[in-house]
Amino acid sequence: MSVESHTSPDQPQSAATLDTAWTLRWIRQGAEVLAANRPALNTLDRDIGDGDHGENMDRGFQAVLPKLDALADETLPGAVLKLVATTLISTVGGAAGPLYGTAFLKAAGAVAAADGIDAAALVAVLTAARDGIVLRGKAESGDKTMIDSWTPAVDAAAAAHAAGSGVGDILLAAADAAAQGAVDTEPLVARKGRASYLGERAIGHRDPGAQSTALLLRAAADVATVTE
Ligand code: ADP
Ligand code: MG
Numbered sequence: 545m546s547v548e549s550h551t552s553p554d555q556p557q558s559a560a561t562l563d564t565a566w567t568l569r570w571i572r573q574g575a576e577v578l579a580a581n582r583p584a585l586n587t588l589d590r591d592i593g594d595g596d597h598g599e600n601m602d603r604g605f606q607a608v609l610p611k612l613d614a615l616a617d618e619t620l621p622g623a624v625l626k627l628v629a630t631t632l633i634s635t636v637g638g639a640a641g642p643l644y645g646t647a648f649l650k651a652a653g654a655v656a657a658a659d660g661i662d663a664a665a666l667v668a669v670l671t672a673a674r675d676g677i678v679l680r681g682k683a684e685s686g687d688k689t690m691i692d693s694w695t696p697a698v699d700a701a702a703a704a705h706a707a708g709s710g711v712g713d714i715l716l717a718a719a720d721a722a723a724q725g726a727v728d729t730e731p732l733v734a735r736k737g738r739a740s741y742l743g744e745r746a747i748g749h750r751d752p753g754a755q756s757t758a759l760l761l762r763a764a765a766d767v768a769t770v771t772e
C-alpha cells in the first residue's frame, strides 16, 4: 500500500526526509543569522562572560561557508555536518568551539552514510548532538549553559515524533523549546563556564550559548519548510 502524501504541489510543505540540500540551507542560514546576531550574542556574553560569543560563532560559521561552496554535488548530509564540526573545532576559540564542534561531530555520526534524515533519525541526530555537548562539557540541566536550550529541544523533538509529526514540525517544536529554554536561563545561577565565576550576579542574564543554540535550531526549522 502506498503511503505517499498527496498535498498540493504549490503549497509550502515539508519533505519526509531532510537531505543534503536542507543541510546546506541550514548551515548557510545559520551563518547568516549568527552574523546578524553577532552584536547581540557579544552583549549577552559581556554581561556574564568575556564578550566574545557572537564573534566566536560568527568566525566559525563564516569559515564554513567557502568550504560548503567547494563540496561535490553528491556529498551526503553526514559529510556536511562533519565538515562543519571540524571547521568549528579548528576556528572557534573558547568553550563554544569544542562544544559545538562535538555536537556536529556526533550529529554526523548519527546520520552516518544515510542520504536522508527521516523523523526518527532527526530525533537521533538532535539527541546525539546534545549528548556530545554533555560528554564534552559535563553540564547538567539548570547549569545555565547551552544544554538548557538543547535538552528542552531534544525532549520536544522526541515528543513531536512520538505524536506522529514529520521532520518540519519536529524542527519547529525543537526550535520553540530551545527559544523558551534560552529565556529560562535568565533566573539561573551558572555552574559551568565563565559565568559560574559570577555567582548570583549571573541572575537576570540570558546565557549566550543557550541563545545561539536557539538561533541555530530556528534556522534549521525555517529552512525545512520549502515550496516545492
Ligand atoms: P568562552 O566562555 O570560552 O568565552 P564562548 O563565549 O564562545 O566561550 O561560549 C560561552 C558559552 O559556552 C556559554 O554561554 C555556555 O552556553 C557555553 N558553555 C560554557 N561551558 C560549558 C559547558 N561546560 N557545557 C556546556 N556549555 C558550556
Ligand atoms: Mg565568551
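In my numbering, the protein residues as written are 545 to 772.
Glycine included, C-beta positions come from ideal geometry on N, C-alpha and C.
This one's a predicted model, so the numbers in the text were calculated from it and none came from an experiment.
Annotation for residue 562: no alpha helix (DSSP H) segment contains it, and DSSP assigns it neither H nor E.
If you compare the alpha carbons of 743, 729, 746 and 769 with that of residue 757, the shortest gap goes to 729.
Under DSSP, residue 661 shares a beta bridge with 562. Boundaries of the alpha helix (DSSP H) harbouring residue 613: 597-613, taken from the DSSP string. Placement of the Cβ of residue 650 at a distance of 6 Å or more from every heavy atom of ligand 1 is found.
A distance criterion of 6 Å places the beta-carbon of residue 581 beyond contact range of ligand 1, judged by its closest non-hydrogen atom.
For residue 586, the uninterrupted alpha helix (DSSP H) run begins and ends at 582-592, by DSSP.
Going by DSSP, residue 701 is part of the alpha helix (DSSP H) stretching over 691-706. The closest CA to that of residue 715, considering only 766, 747, 754 and 741, is found on 766. Assigned with DSSP and collapsed to three states, residue 632 falls in helix.
With contacts defined as CB atoms closer than 7 Å, residue 632 and residue 641 qualify as a contacting pair.
Between the alpha carbons of residue 692 and residue 726 lies a gap of roughly 7 Å.
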